[in-house]
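Asks:
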């Protein structure tokens, strides 16, 4: 693309140490940089441009937006709800009755086929001992483990090739949450699904104009 745009008069190229990443956090190899002047409508501006190894259309960096008076702000309205009203009609009764198990206050149960985690070639099991618990939290940790055991969220075992330590997260009300620290175990040897997650501004733009919203609480999954 660089040689096609400037085939008649190639600009002087300079070395560049700029690190560029795509929207999906993939690294791009920058070859050289050069100065160029761009005209957008009736505004002209000179700035640095970068030549990278890869295919695709030329990209305009954020450093050009303000000089060229390009505004990407999406109009947004701030709203607040003073009351929560129950939907009129009997439609929601039919939905609750049809999916009664999903609306139970108790813990749900996954009944589908077992979930398989794809490991990289040559992966070996990693076992880490438990971390010491602060004395002030021992009783609360025991109560939490007993509660999860009675509810069926935990299952006692005698041995395992894999073991991850627990991280204790404090809630606002003084309660605790037990979280497994998989950063040093399965996360190191599992294959990651590469999927570009939307940013907060993109999600807010998608929700613009909506009237009905729901909240999915996964506090104890």
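In UniProt numbering, the protein residues as written are 1 to 221.
All C-beta atoms, glycine included, are put in the ideal place defined by N, C-alpha and C.
Could you check whether residue 128 and residue 183 sit closer than 8 Å to each other, using their CB atoms as the reference points?
Replies: No; because the gap between Cβ atoms is not below 8 Å, this pair is not in contact.
Asks: In chain order, what residues of the same chain lie with their CB nearer than 8 Å to the CB of residue 28, ignoring the 5 residues before and after it?
Replies: Cβ neighbours of residue 28 beyond the five flanking positions: 20, 21, 22, 52, 53 and 54.
Asks: CB-CB under 8 Å to residue 151, same chain, minus the five flanking residues each way: which ones, in chain order?
Replies: Within the same chain, residue 151 has close Cβ partners 107.
Asks: Any idea what DSSP makes of residue 146, helix, strand or coil?
Replies: Here residue 146 sits in helix by DSSP.
Asks: Answer with buried or exposed for residue 170, where buried requires no fewer than 16 other C-beta atoms within 10 angstroms of its C-beta.
Replies: Residue 170 should be labelled exposed.
Asks: At what residues does the alpha helix (DSSP H) containing residue 91 begin and finish?
Replies: Note, residue 91: alpha helix (DSSP H), 91-98.
Asks: By the three-class DSSP mapping on this structure, what secondary structure does residue 124 have?
Replies: It is coil, neither helix nor strand.
Asks: What's the gap between the Cα of residue 130 and the Cα of residue 167?
Replies: Spanning the two alpha carbons is a distance of roughly 10 Å.
Asks: Given that a residue counts as buried once 16 or more other Cβ atoms are within 10 Å of its Cβ, and exposed if not, what is residue 204?
Replies: Burial call: exposed.
Asks: Excluding the 5 residues flanking residue 93 on each side, which residues of the same chain have their C-beta closer than 6 Å to its C-beta?
Replies: Within the same chain, residue 93 has no close Cβ partners at all.
Asks: For the putative contact between residue 260 and residue 34, defined by C-beta atoms under 8 Å, what is the C-beta separation to the nearest angstrom?
Replies: Only positions 1 to 221 of the chain appear in the structure, and residue 260 is not among them; the question remains open.
Asks: In chain order, which continuous runs of the beta strand (DSSP E) of length 3 or greater are located wholly inside the region 128-191?
Replies: DSSP runs (the beta strand (DSSP E)) wholly in the region 128-191: 166-170 and 176-180.
Asks: Are the CB atoms of residue 123 and residue 30 within a distance shorter than 8 Å?
Replies: Not a contact, by the Cβ cut-off of 8 Å.
Asks: So residue 202 is in the alpha helix (DSSP H); what residue range does that whole segment cover?
Replies: Start and end: 200-207.
Asks: Return yes when the Cβ of residue 144 is within less than 8 Å of the Cβ of residue 178, no when it is not.
Replies: Going by C-beta atoms, residue 178 is nearer than 8 Å to residue 144.
Asks: What is the residue span of the beta strand (DSSP E) that residue 39 lies within?
Replies: Note, residue 39: beta strand (DSSP E), 30-40.
Asks: What whole-angstrom Cβ distance do residue 211 and residue 162 have, given they're in contact under 8 Å?
Replies: The Cβ separation is near 46 Å, so there is no contact.
Asks: Would you kindly work out how many angstroms separate the C-alpha atoms of residue 214 and residue 202, rounded to a whole number?
Replies: Going by the C-alpha atoms only, they are around 18 Å apart.
Asks: Going by DSSP, what residue range makes up the beta strand (DSSP E) through residue 46?
Replies: Segment 43-52, the beta strand (DSSP E) holding residue 46.
Asks: Verify the CB distance criterion: does residue 169 have a CB-CB separation below 8 Å to chain D?
Replies: Protein chains in the displayed structure number just one, and chain D is not present.
Asks: What number of angstroms, rounded off, separates the C-alpha of residue 37 from the C-alpha of residue 175?
Replies: One C-alpha to the other measures close to 59 Å.
Asks: Once DSSP output is grouped into helix, strand and coil, what is the label at residue 14?
Replies: Of the three classes helix, strand and coil, the one that applies to residue 14 here is strand, per DSSP.
Asks: Whose C-beta lies closer than 6 Å to the C-beta of residue 141 among residues of the same chain, with five residues either side of it excluded?
Replies: Taken in chain order, the residues that qualify are 133.
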